[in-house]
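Have a look at the structure below, then the notes.
Protein chains: 2
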Amino acid sequence: MGSIVENVVSGDVRTVARLIRDIDDGTPGVRGILKELYPHTGKAYVVGITGAPGVGKSTLVDQMIYHLRSQGKTVGVLAVDPTSPFSGGAILGDRIRMQRHYTDPGVFIRSMATRGQFGGLTQSTRSAIDVLDAMGKDYIIVETVGVGQDEVDVVKAAHTTVIVVMPGMGDDIQVIKAGILEVGDIFVINKADREGADRTESHLRMMVEMDEDRYSKGLWAPPVVRTQALTDNGIEELLDQIERHGKYLVDSSGGLEIRKRPDRVREELAEMVKTRLIEKVTKKLIQTGEFERAVMEIAQGKTDPYTACDELIMPMLDIL
Amino acid sequence: MGSIVENVVSGDVRTVARLIRDIDDGTPGVRGILKELYPHTGKAYVVGITGAPGVGKSTLVDQMIYHLRSQGKTVGVLAVDPTSPFSGGAILGDRIRMQRHYTDPGVFIRSMATRGQFGGLTQSTRSAIDVLDAMGKDYIIVETVGVGQDEVDVVKAAHTTVIVVMPGMGDDIQVIKAGILEVGDIFVINKADREGADRTESHLRMMVEMDEDRYSKGLWAPPVVRTQALTDNGIEELLDQIERHGKYLVDSSGGLEIRKRPDRVREELAEMVKTRLIEKVTKKLIQTGEFERAVMEIAQGKTDPYTACDELIMPMLDIL
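Keeping their order, the protein sequence lines are chains A and B.
Under full-length UniProt numbering, residue 320 is the last one in the first sequence; the count climbs by one each step, no gaps.
Under full-length UniProt numbering, residue 320 is the last one in the second sequence; the count climbs by one each step, no gaps.
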């Protein structure tokens, strides 16, 4: 096990690739390795990119990689697809667009999709970020597909969260939901040459400015950046804003490592407790056959789900 | 407490509205009422409607209500918004489109948005469905916003799941993801008068037909229905297909009440165990201050999240 940790820290691509696959698959024993890797984490800067399908996130990420590499930074990319039960799959087509970086040893790209037997994609993503961090990547970009709560949870692991929209989208209040707005540190209007960019921008600015608390407390006010990823426009400004947000985080943490800010730790620990608890308990209930017995009794009308649920978890509730 | 159950079963709107709000808020004591309501459930037919923002789900639901009412059926509607941390909010604008039914005592419409202190929106939705079911509604329509895993989980509570797209969307493989495709019993192309409907339909049919297992096992093959909800086109065909799917479910269950099919019970019980476990344990860890103590120790670098997590849940894991 020591050698896996050593190999990751020395940046061995094969070991890292296998470890991330094991995380995605929920292979036993991974947790011990992650625990040993923990002291080697906390150096990378993590950027989350989220937004509805079709807004051009992958092209944007591709250009970000290009610019970061020009600055001599190394980059890890995790493409996370919470709606797909398959690894790869739909997302693979997208990855092809990033293929010009595949031969660059300073870039490491992986897709994650499996929710594992017991869910916990957010936990898997956090673990994979740790691996890329320990591997020594300067920037880690986490790209998610979709606009649901899962995506919000996934991007919470990022230091800076970028919400990508396209012209016309910001006008539909449903697309930029309150939950998404709250986690956004930077808004990007991609395909900004299309009709309606002005209206989308003023709509976004209005929503940001509605959050008066932010201003009265001197908190970060999310900027709106216009990009055309396909023609490489606006990417440098986006990277500048990400850097500016990173500085804000460090300043407002009193010099504390971002990962160790109490608000971040709270999120991370809550997620871990939740995932681990469900995994352990579900595994036990399935192995002993108790779960299936309860299912059959409910199906036969001998009991109701509420009673059955309490009977299943009572041994644990008892000690609380 | 007996009188709450009696009032729900007799269809008292005020009691039902308060109970659903209490479910959404996670008010203590609700669980006992739900348990008592359980024997009064299992009669309603539950339809899930999901799809990306902007495809016209609310207009479609509005027309479905209209047609179902014409057939003399009573209807309950739950509008579920997993991305919004607020009750109402964004979704409220949509509900206005359904307002012509507000004065109809045969229709009951409510929005759910809060994830509760410990998450569990899927569980809350299932509970609210039970309430509308016990209330005596013939049809319950659950409308969700978005395309993430949360939406998939929410619609799993439905008997028939309808996936709504619009022309042009089916061509982007990202929009109709494998995970969504798997839960879809019926596909609707709304706004079917728009350009590209033919291509979207053939794309959808191709994806359905790719699932060869379905055919070899004689399982349900999801039909594709074209609608124009705004001009009331195709709604009757959609309702016919929903009824046809319902008959398929009953036939393939050997006459068993749909809710009591083992696959359904398994989903329901797993969700309930998960939600209840997290709620109980999290509450305990917060009340005793153990959680916050662990957070501070991690922030100060005295321990790592993996060790802290194990120490927090060890008392429970020990007895497993």
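Here a beta-carbon is modelled for each residue, glycine too, at the ideal position from N, C-alpha and C.
Computed from a predicted structure; not experimentally measured.
Rounded to the nearest whole angstrom, the CA to CA distance from T275(B) to I23(B) is 13 Å. Here E143(B) is bridged, per DSSP, to I49(B) and A79(B). Within the same chain, Cβ atoms closer than 8 Å to the Cβ of P167(B) are found at I189, K191, A192, R194, E195, G196, A197, R199 and T200, the five residues on either side in sequence being excluded. M207(B) has no beta-bridge partner at all, per DSSP. Chain order gives the chain A residues near P262(B) as V295, M296 and A299, where near means a beta carbon separation below 8 Å. Less than 9 Å divides the Cβ of G76(B) from the Cβ of K137(B). Fewer than three Cβ pairs drawn from the segment 219 to 234 of chain A and the segment 262 to 277 of chain A lie within less than 8 Å of each other, which leaves the two stretches out of contact. In the three-state DSSP reduction, N190(A) falls in the coil class, being neither helix nor strand. Taken through DSSP and simplified to helix, strand or coil, T161(B) comes out as strand.
Not a single C-beta of chain A is nearer than 9 Å to the C-beta of L219(B).
Taking the beta carbon of D304(B) as reference, the chain A residues within 8 Å of it are K35, Y38 and P39, listed in sequence order.
Taking 9 Å as the cut-off, the beta carbon of T160(A) is found closer than this to the beta carbon of G246(A). In the assembly as shown, L238(A) is a buried residue. Its beta-carbon has 16 or more other beta-carbons within 10 Å. In the displayed model, S10(A) falls within coil according to three-state DSSP, outside both helix and strand. Taking the CA atoms as reference points, G54(A) sits about 14 Å from G54(B). At the C-beta level, I141(A) and I235(A) stay beyond 9 Å of one another. In this structure, A134(A) is the residue among V47(A), A134(A), S58(A) and Y66(A) with its C-alpha nearest to the C-alpha of L34(A).
For the segment 268 to 279 of chain A, the beta-carbon criterion of a distance under 7 Å to any beta-carbon of chain B is satisfied by E268, L269, M272, V273, K274, R276, L277 and I278. Per the DSSP secondary-structure output, S111(B) pairs in a beta bridge with A79(B). Contact with chain A is absent for D133(B), since none of that chain's Cβ atoms lies less than 9 Å from the residue's Cβ.
When Cβ-Cβ separations below 9 Å define contact, L256(A) makes contact with chain B. Collapsing the DSSP output to three states places V16(A) in a helix. Taking the Cα positions, V164(B) is about 23 Å away from A128(B). Around the C-beta of A44(A), 16 or more other C-beta atoms lie within 10 Å, and the residue is accordingly described as buried. Listed by position along chain A, the residues whose Cβ is nearer than 7 Å to that of V188(B) form an empty set, because the closest Cβ is around 18 Å away. In the assembly as shown, Q241(B) is a buried residue. Its beta-carbon has 16 or more other beta-carbons within 10 Å. Rounded to whole angstroms, the gap between the alpha carbons of G51(A) and T144(A) is 7 Å. Shortest Cα-Cα distance from G72(B) to any of R18(B), P305(B), D104(B) and A79(B) involves D104(B).
In the three-state reduction of the DSSP assignment, V224(A) falls in the strand class, which pools E and B. Using a Cβ-Cβ cut-off of 9 Å, L312(B) counts as an interface residue toward chain A, since at least one Cβ of chain A sits closer than that to its own.
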